[in-house]
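**Q**
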Amino acid sequence: MKKLVQQPGVTLQCGWGRLIFADTFPSPESVAESVLAENEHQRDIAIYLLDPHLVLNCAPQQLFLDPSNTYRLNFSDYEARDQSPIGFEVRTLRHKEELDEINRIYKKLKMVPVDIDYVWANRAAEEFTYFVAVQPETRQVLGVTMGVDHHLCGEHMPKRCSLWALAVDPQAEAPGIGQALVRHLILHYREKGREEMDISVMHDNEHAARLYEKLNYKRIYVFAAKRRNRINEKLFVGTPAPDGYNPYASIIINEALRRGISVDPLDPQRGHFRLSLGGRSVLCWESLSAMTSALAVVRTSDKQLTRELLNEAKLSTPDQMVAGDRPREIQFLNRHKSVVVKPLHGEQGQGISVDVRSEEGLKRAVKHAQKFGDVVLIEQYVEGEDLRVIVINNEVVAAAVRRPPIVIGTGEHTIEDLIQRLSRRRAAATSGESNIPMDEETERCVKMHGYKMDDVLEKGVSVAVRKTANLHTGGTIHDVTDELHPELAEASIKAARTLEIPVVGLDLIVEAVDKPRYVVIEANERPGLANHEPQPTAQRFVDFLFPQSVAPAPEELPRD
75 MKKLVQQPGV
85 TLQCGWGRLI
95 FADTFPSPES
105 VAESVLAENE
115 HQRDIAIYLL
125 DPHLVLNCAP
135 QQLFLDPSNT
145 YRLNFSDYEA
155 RDQSPIGFEV
165 RTLRHKEELD
175 EINRIYKKLK
185 MVPVDIDYVW
195 ANRAAEEFTY
205 FVAVQPETRQ
215 VLGVTMGVDH
225 HLCGEHMPKR
235 CSLWALAVDP
245 QAEAPGIGQA
255 LVRHLILHYR
265 EKGREEMDIS
275 VMHDNEHAAR
285 LYEKLNYKRI
295 YVFAAKRRNR
305 INEKLFVGTP
315 APDGYNPYAS
325 IIINEALRRG
335 ISVDPLDPQR
345 GHFRLSLGGR
355 SVLCWESLSA
365 MTSALAVVRT
375 SDKQLTRELL
385 NEAKLSTPDQ
395 MVAGDRPREI
405 QFLNRHKSVV
415 VKPLHGEQGQ
425 GISVDVRSEE
435 GLKRAVKHAQ
445 KFGDVVLIEQ
455 YVEGEDLRVI
465 VINNEVVAAA
475 VRRPPIVIGT
485 GEHTIEDLIQ
495 RLSRRRAAAT
505 SGESNIPMDE
515 ETERCVKMHG
525 YKMDDVLEKG
535 VSVAVRKTAN
545 LHTGGTIHDV
555 TDELHPELAE
565 ASIKAARTLE
575 IPVVGLDLIV
585 EAVDKPRYVV
595 IEANERPGLA
605 NHEPQPTAQR
615 FVDFLFPQSV
625 APAPEELPRD
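Put into structure tokens, the structure is as follows:
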């Protein structure tokens, strides 16, 4: 196999870009020249700069100093733990398809995807190694990291290694994935005789910094340089969204600012802002804009009216009734065997009980829903995948399957402890937008599995602790846009047209995302566009509001 590093000056192609060992180059000019030779759609990193000011001075308009901190672990200070991962295993790549999964995670986290063919062709190389955390039964990749063996990258290189591109799927329920990947990499290189491991951490990533400090990494003062490009844009210009906005407003604001659309931050706490361009202004509340009529909002917020309109359009919906007549409620339950109870008006999964099967459970569920609204609906429970489809301007832009939160037993922690731990991880992964309520519905779902909240869950046993898959109550969301059956897309567009709403999130229960059978459950007039990255939801939303800001296709560009 050919050598992966190049001389003079040591560089290593890692799949997402090159790692440039700046301290091996003869001059600041040669370092700058190497960084400027970066390939398109990749991110090179020049680390261990000896004279950072001189390197930047060579091309001040094209280079910038990376806003990251470097930590170093001396392996003699590391204490290994005899604790195997729960719900996953850590290993090297075995299947090329795993690189597709790795890129899915990287794209979700806005990281640079790898060159799949290059990494797979060089998987046996020792200069760099990718490790994955994998769920054995499904072979789903839950996390990834890459290690670099500095000692093999060139002559006279120190007995050092480094960790790069650590990423954990934000939807993963298993605990300790990131820490397990780091510990596995440490043991891998310590057994190979390496003495130290370095890692670069973004300056504002406090969660990662705490993880490495817990493992005995120490901060060292090392500088790195990168090239100014679209990938690195937010690193050298900062995050443009005004402070105080949640991810659902920020994703739209950032897209608008990128196009030169001005933003008036009216009320960050409530997610209100105004976008303006060329004499046109549009008031927005996250993805709900003044372009959506008041009548469309009424139609979607009233779940009973939504169903009636969709039924008239010959779209499939579940059977439904208004709670309040106890004998009719019991008759409805007996007819359908299992029901969903929810407030007439509501959002973010509040007050919803799913798969209610008993008369007493129905009574409690209605009482729970009444805390969020006087009018309560009882609906036929339809089993299947919970699908959210985003339709913007009569086009399906994104589709995702939503799944309820699941805890995995450790053999040591109670179910309540596991729920609280998972809830903290979900909150951290969603900037506080997702957490699992410790309420009657959670207790009911746990009880359906034969457990109590204070039971210690057996190691490796999985329990779904909510029936609803709403992101705000701890659910996870998985992109399936490319797998969506054409009839599901057609039904979603028809539903949006029926409700006369230009931007909508439609909730369907489907047999499978690649099969045509469905029922439409409800419509959301203010869908969370940030939940569907990397699909271009914010781009299409701004396209709709300001069509004059859409960049022309390459063939439409004017010629000289």
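Residues in the sequence shown are numbered from 75 upward in steps of one, following this note's numbering.
Cβ coordinates follow ideal geometry from the N, Cα and C atoms, glycine included.
Nothing here was measured: the structure is a model prediction, and the numbers come from that model.
1. Below 8 Å on the Cβ atoms is my contact criterion, and I expect Val520 with Tyr455 to pass it. Report the Cβ-Cβ distance as a whole number of Å.
2. How is the beta strand (DSSP E) around Ser566 delimited, first residue to last?
3. As a quick exercise: from Pro608, Pro621, Asp556 and Ala612, pick the residue whose alpha carbon is nearest that of Lys589.
4. Find the nearest neighbour of Asp528 within the set Gln494, Ser508, Ala503 and Asp97, judged by alpha-carbon distance.
5. Using the rule of at least 16 other Cβ atoms within 10 Å of the residue's Cβ for burial, across every protein chain shown, is Glu360 buried or exposed?
6. Let's see if you can read the secondary structure: which residues bound the beta strand (DSSP E) around Ser101?
7. Do you know offhand how far Leu558's Cα is from Glu486's?
8. Where does the unbroken alpha helix (DSSP H) through Gly579 begin, and where does it stop?
9. Per DSSP, what kind of secondary structure is Leu496 in: helix, strand or coil?
10. Using 10 angstroms around the beta-carbon of Ile294, count the other beta-carbons present and answer buried if the total reaches 16, otherwise exposed.
11. Have a look at Glu564 and Leu183 and give me their C-alpha separation to the nearest angstrom.
12. Based on the DSSP secondary-structure assignment, which residues constitute the bridge partners of Glu270?
13. Do you know whose CA, among Ala443, Leu357, Leu139 and Leu369, lies nearest Ala323's CA?
14. Any idea if Gly398 is buried or exposed, counting beta-carbon neighbours within 10 angstroms, 16 or more meaning buried?
15. Return the first residue and the last residue of the alpha helix (DSSP H) that Met522 is part of.
16. What are the boundary residues of the alpha helix (DSSP H) that Glu359 is part of?
17. With 16 other CB atoms within 10 Å as the buried threshold, where does Leu369 fall?
18. Just reading off the alpha helix (DSSP H) that Leu167 is part of, what are its end residues?
19. Taking the straight line between their C-alpha atoms, what separation do you get for Leu631 and Val624?
20. What would DSSP say about Ala229, mapped onto helix, strand or coil?
21. According to DSSP, is His487 part of a helix, a strand, or is it coil?
22. Would you mind reading off the limits of the alpha helix (DSSP H) that contains Tyr286?
23. Here's the rule: buried if 16 or more other CB atoms are within 10 angstroms of the residue's CB, otherwise exposed. What is Arg633?
24. Can you tell me which of Ala120, Glu307, Thr203 and His224 puts its alpha carbon nearest to the alpha carbon of Ile94?
25. Out of Lys170, Ile160, Val222 and Leu237, which has the shortest C-alpha to C-alpha gap to Ala207?
26. Closest by CA to Asp393, which one among Leu173, Glu515, Val594 and Thr542?
27. Starting from Ser350, trace the beta strand (DSSP E) both ways and give me its first and last residue.
28. Taking Val616 as part of the alpha helix (DSSP H), name the residues at either end of that continuous run.
**A** Walking through what the data contain:
1. Between Tyr455 and Val520 the Cβ distance is about 19 Å, and since that is not below 8 Å, they are no contact.
2. First-last for Ser566: Pro560 to Leu573, but that is the alpha helix (DSSP H), not the beta strand (DSSP E).
3. Asp556
4. Gln494
5. Buried: at least 16 other Cβ atoms inside 10 Å.
6. Secondary structure note for Ser101: it is in no beta strand (DSSP E), with a DSSP letter that is neither H nor E.
7. 41 Å
8. Looking at the DSSP string, Gly579 is not in any alpha helix (DSSP H); the run it does join, the beta strand (DSSP E), is Val577 to Val584.
9. helix
10. exposed
11. Looking at the two C-alpha atoms, the distance is approximately 30 Å.
12. Asn148 and Arg234
13. Nearest to Ala323 by alpha-carbon distance, out of Ala443, Leu357, Leu139 and Leu369, is Leu357.
14. exposed
15. Glu514 to Met522
16. According to the sequence shown, residue 359 is Trp rather than Glu. Not the alpha helix (DSSP H): Trp359 falls in the beta strand (DSSP E), residues Arg354 to Trp359.
17. Looking at its Cβ environment, which holds fewer than 16 other Cβ atoms inside 10 Å, Leu369 is exposed.
18. Leu167 -> no alpha helix (DSSP H), and no H or E assigned at all.
19. In this prediction, Leu631 has a pLDDT of 36, which is less than 50 and means its spatial position is unreliable; nothing more can be read from the coordinates.
20. According to the sequence provided, residue 229 is Glu. The question's Ala does not apply to it. Correct three-state label for Glu229: coil.
21. coil
22. Glu280 to Lys288
23. The predicted model places Arg633 with a pLDDT of 37, which falls under 50 and marks its position as unreliable; any figure quoted below should be read in that light. Result: exposed.
24. Ala120
25. The shortest C-alpha to C-alpha distance from Ala207 to any of Lys170, Ile160, Val222 and Leu237 is the one to Ile160.
26. Nearest option by C-alpha distance: Val594.
27. His346 to Leu351
28. Thr611 to Leu619
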